[in-house]
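Here is the structure we will look at, set down as structure tokens.
There are 2 protein chains.
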Amino acid sequence: MLCFDPGDAAYLAELAEFVAVPSISRDASSATMGAAAQWLAGQLRFADAQVVATDGHPVVVGAWLGAAGAPTVLVYGHYDVQPTGAEAEWATPPFQLTVDGDVIRGRGVSDDKGPVYIVLKTAQAFLALEGRLPLNVKFLFEGEEEIGSPHLPAFVADHASDLAADLVISADGAMWRPDEPSVAVKSKGLASMDIVVHGASTDLHSGRYGGTVANPLHVLADILASLHRPDGAVAVGGFYDGIPELSPQRRREIADIAFDVPRYLAELGLTEPHGEPGFTTLERLWERPTLEINGVRGGGKYTVIPHVAVANVSCRLVPGQDPDAVIEAIAAHVTARQAAGARVEVRADDARVPAYTMPGNHPAIRAATAALQAVYPGQRVLLTCIPGTLPATTLFERVLGAKTLFFSFSTADEKLHAPNEYLRIRRLKEGMRAWEHLWRLLATRHTPT
Amino acid sequence: MLCFDPGDAAYLAELAEFVAVPSISRDASSATMGAAAQWLAGQLRFADAQVVATDGHPVVVGAWLGAAGAPTVLVYGHYDVQPTGAEAEWATPPFQLTVDGDVIRGRGVSDDKGPVYIVLKTAQAFLALEGRLPLNVKFLFEGEEEIGSPHLPAFVADHASDLAADLVISADGAMWRPDEPSVAVKSKGLASMDIVVHGASTDLHSGRYGGTVANPLHVLADILASLHRPDGAVAVGGFYDGIPELSPQRRREIADIAFDVPRYLAELGLTEPHGEPGFTTLERLWERPTLEINGVRGGGKYTVIPHVAVANVSCRLVPGQDPDAVIEAIAAHVTARQAAGARVEVRADDARVPAYTMPGNHPAIRAATAALQAVYPGQRVLLTCIPGTLPATTLFERVLGAKTLFFSFSTADEKLHAPNEYLRIRRLKEGMRAWEHLWRLLATRHTPT
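Heads up: the protein sequence lines correspond to chains A and B, in order.
Be aware that the first sequence starts at 1459, since it is given in the working numbering, and climbs by one per residue.
Be aware that the second sequence starts at 1459, since it is given in the working numbering, and climbs by one per residue.
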């Protein structure tokens, strides 16, 4: 076994450099994004890594191909992060990696800089201690995952032969719970859009015009309220089209998994579940699509009738749903609610990702399961679903013909996308040990197809 | 007649100094608010003006009492302004007074710095040309009108004898149209609140938790949609309680006023009216209360379920409505819509203003009408309503026992509270001539009671 100690201060100091770059793909300058990419390339000198420009933020690619005859894997991850949200809600500055007891805190430590860092250190440890990696490893790190990977498809298509691999291993895609090992065999798709309501040509004084013109915020509230039925189901006609019925067997499998709903809620500060009727919380999470309003903006706390109001809406999709059809169904539902004196518009985002699945008996799933059993002896490895979206998976399948194994060591409860994102420090060490086992297993016992 | 030319560049340069102080009562520092107050006091040296501290922004008070035996009027106005809204929507910087053809543009030029400036220049012209004012004039300018005048009641109560007057004349309270003179005999009251929906203890990743917990934005949309009926009427039980039925005579009076609804809408970029059924647009504007959502905030365009969502709501009230009862009715309506997994809270604002009325045959109304007829010969002077709110009016009536005459020369269409607020330059001159006539008439012909 490789010998290293990622809890070591030097390791955390190095990860802190990566976290310190505020690589928010939605907002950051190209200089900032470039700095994060360069940092990664610096870590990947052993793989002759390059920062390659795209029409958006650059990608970092590299390859170590010294294991003649062994399989080739493509490691995927991303160096971009979500916006911080309200900085006042952070206990410590978001781009300053902070050790707090058993965890480290900072934007991106869990999604996805920490998990990417685990792979870097694993590869470097192999090279330092054994002079080689056990199999051929290519690396592809992008800077646009959090905005739907708009330029990744063109890049992968243009570099398909360079990126060719037997298997993609994603350092992105958190495990669902910290206290039990799991391998995800499914992730949800994504379709998102803005609903924009236009009223008068300018903001109006709410006294001098109130009650005589349509208020875009009222129209928007009506539309948003109409998207769900009172029981929690999505009310958009056609939204659930194409989804196979949940089989009694799958229901039993899910019911078999220890999942304490009151505890799940309590950790979120909640006491009552919510969601589509006829399904348990875990079924809702893993097997059912969702439609969530992510944001609403309009006017403010002053006496105004705003001339425009905007809602940001996203849907998580399951196998059987077509992202384009979902967007069309919502657009039809919304635009049917045009109100006199207002104009309603749906602006669908370009990024449309169908759900992704991997067979539970795939050799890579078996290797990952064995690797996790080595690191967490005596524990059952669950086959789970990622209710989040990893747009690259369907792309790799389509263009490279390779399945993607999710192998991240972040956990779903680590406030990904929220203030005070954190990562459990022990997972750095566990993750490196697991990547070591996985690579050895893929190289010797399991030949990915 | 006094001889002056307020279109003169020197006058506009001086007004530009006042506009340049970004005295946004909601946000500005006390230094900024103090600078605006000091500017006013500098203009009012003839009245020994003082800047007086309050628990909020300071007031500016002064008095010229050299007209022994003549009546005393108290001139009221405000030096604070609304927030700019999106600065990108301004054609020119909001705090840089800009001449654009027949108008000047800048935050506060219409509400209320321009109209206040008219009074200052009128008084200074009297003193320069005649050595005296025709009647005794006290001045009271506050810095918190746009946030509901929270500290004015205590100030007026504490200084009631200093402020005592036969009549208050408000430089605030725009005329309703630029092309016909009018005197307002009524203004609407105000009750406002925030509706806050709390969900989980932190923002949640919309993939990893979506569909299993209540989304505060969904709950808020349901609540906001429930505040109005589909036909436009307010759906809150008790909201309309206490309002006398609109008399056939008043309906006829309003129908008699030339009011071109398509043109009114076209000026706002609209084609269709909206509002409470059973009333014309002008009846809705002048005679009926309103409930408007002014702002909504929550989450953003990223994959999040926000842990809190907020709506800012305000109501314009008519005679017969009790602001406290209106707030209670809305709070009861809203909190009855508690949803599982969310907590709904109503935070009512302190400022609660009932509607204000003045008899149409009041001597001050007659004097104002005559003054306007002198400036706008041959035109009918309309008796109108201000659908906005002037909280000071009821205060002056209660504490000083004095009615308030609205005598502003801004106009309701001048984008008050919105980007690109402007004032017609000719109104500076017309306003000064009208104030001159009004003061002379009040001093000699009409003795206010």
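Glycine residues also receive a C-beta, built at the ideal position from the N, C-alpha and C atoms.
Handout entry: Nearest candidate by alpha-carbon position, reference B/M1633, set B/A1471, B/A1623, B/S1645
Key = B/S1645
Problem - Between the CA atoms of B/A1526 and B/E1588 - distance to the nearest angstrom - result: 16 Å
Problem - Beta-carbon spacing of A/A1672, A/A1769 below 8 Å - result: no
Practice task
Measure from the C-beta of A/Q1540 to each C-beta in chain B and report whether the shortest distance is under 8 Å.
Solution key: yes
Exercise for the section: List the endpoints of the continuous beta strand (DSSP E) containing B/G1520. Expected result: 1517–1522
Practice task
Measure the C-alpha to C-alpha separation of A/C1843 and B/S1568 and round it to an integer number of angstroms.
Solution key: 59 Å
Problem - Cβ neighbour criterion (16 or more within 10 Å) applied to B/V1719 - result: exposed
Practice task
Per DSSP, which residues does A/G1757 bridge with? Please list them.
Solution key: B/G1753
Exercise for the section: With DSSP as the reference, please indicate the residues paired to B/A1769 in a beta bridge. Expected result: B/I1653, B/V1754
Practice task
Quick one: give me the first and last residue of the alpha helix (DSSP H) that B/Y1534 is part of.
Solution key: Where B/Y1534 is concerned, there is no enclosing alpha helix (DSSP H), although the beta strand (DSSP E) it sits in stretches over 1530–1536.
Handout entry: Short CB-CB distance (under 8 Å) between A/R1709 and chain B
Key = no
Problem - Best match in B/V1677, B/L1749, B/S1868, B/I1763 for proximity to B/T1793 [C-alpha to C-alpha] - result: B/V1677
Handout entry: Distance between beta carbons of A/H1765 and A/R1656, contact taken as under 8 Å
Key = In the sequence as displayed, the identity of residue 1656 of chain A is His instead of Arg. Yes, they are in contact, since the Cβ atoms of A/H1656 and A/H1765 sit about 7 Å apart, within 8 Å.
Practice task
Could you tell me which of A/A1850, A/M1651, A/L1896 sits nearest to A/V1614, measuring between CA atoms?
Solution key: A/A1850
Handout entry: Beta-carbon neighbours of A/E1888, restricted to chain B and to distances below 9 Å
Key = Near A/E1888 there are no residues of chain B at all, since even the closest Cβ is about 20 Å away, more than 9 Å.
Exercise for the section: Please go through the same chain and pick out, in chain order, the residues whose beta-carbon is closer than 7 Å to the beta-carbon of A/L1682, but skip the five residues on each side of it. Expected result: I1751, A1769
Exercise for the section: Return the chain-ordered list of same chain residues with a C-beta closer than 6 Å to the C-beta of A/F1414, the five sequence neighbours on each side being excluded. Expected result: Outside the displayed span of chain A (1459 to 1907) sits residue 1414 of chain A, for which this structure offers no information.
Exercise for the section: Give the single residue among A/K1861, A/V1654, A/P1529, A/L1723 whose Cα lies nearest to the Cα of B/L1662. Expected result: A/L1723
Practice task
Given a cut-off of 8 Å, decide if B/L1591 and B/A1581 are closer than it, judged by their beta-carbon atoms.
Solution key: yes
Problem - Cβ-based neighbour list, A/S1664, same chain, cut-off 8 Å, excluding 5 preceding and 5 following - result: T1761, V1762, I1763
Practice task
Inspect the beta-carbon positions of B/K1571 and B/A1521 and report whether they are closer than 8 Å.
Solution key: no
Practice task
Could you tell me which residues DSSP pairs with A/G1647 in its beta bridges?
Solution key: A/L1775
Handout entry: the segment 1866–1874 of chain B / the segment 1624–1632 of chain B touching (three or more Cβ pairs under 8 Å)
Key = yes
Practice task
Starting from the N-terminal side, write out each stretch of the beta strand (DSSP E) that is 3 residues or longer and does not extend beyond the segment 1798–1874 of chain A.
Solution key: 1801–1811, 1840–1844, 1862–1864
Problem - A/P1660 at chain B interface by Cβ criterion, 8 Å - result: The sequence given here places Thr at residue 1660 of chain A; Pro does not occur at that position. With 8 Å as the cut-off, A/T1660 counts as an interface residue toward chain B.
Exercise for the section: Flag B/V1762 as yes if its beta-carbon sits less than 8 Å from any beta-carbon of chain A, otherwise no. Expected result: yes
Problem - Coil, strand or helix - A/I1701 by DSSP - result: coil
Practice task
Tell me, please, whether the CB atom of B/V1519 is closer than 8 Å to any CB atom in chain A?
Solution key: no
Handout entry: First through last residue of the beta strand (DSSP E) which encompasses B/D1714
Key = Per DSSP, B/D1714 belongs to no beta strand (DSSP E); it is in the alpha helix (DSSP H), 1706–1714.
Exercise for the section: Report the partner residues of A/Q1508 according to the DSSP bridge assignment. Expected result: A/V1519
Handout entry: Assigned exposure category for B/R1503 - 16 Cβ within 10 Å defines buried
Key = exposed
Problem - Inter-residue Cα distance where the pair is B/V1694 and A/P1636 - result: 47 Å
Problem - Boundaries (first-last residue) of the alpha helix (DSSP H) holding B/D1558 - result: Careful: B/D1558 lies outside any alpha helix (DSSP H), inside the beta strand (DSSP E) at 1556–1558.
Exercise for the section: Go ahead and pull the three-state DSSP assignment for B/L1591. Expected result: coil
Handout entry: 8 Å Cβ cutoff met for A/G1535 and A/P1573
Key = yes
Exercise for the section: Indicate whether the contact test is met: 3 or more Cβ pairs, each with one atom in the segment 1489–1499 of chain A and one in the segment 1510–1524 of chain A, closer than 8 Å. Expected result: yes
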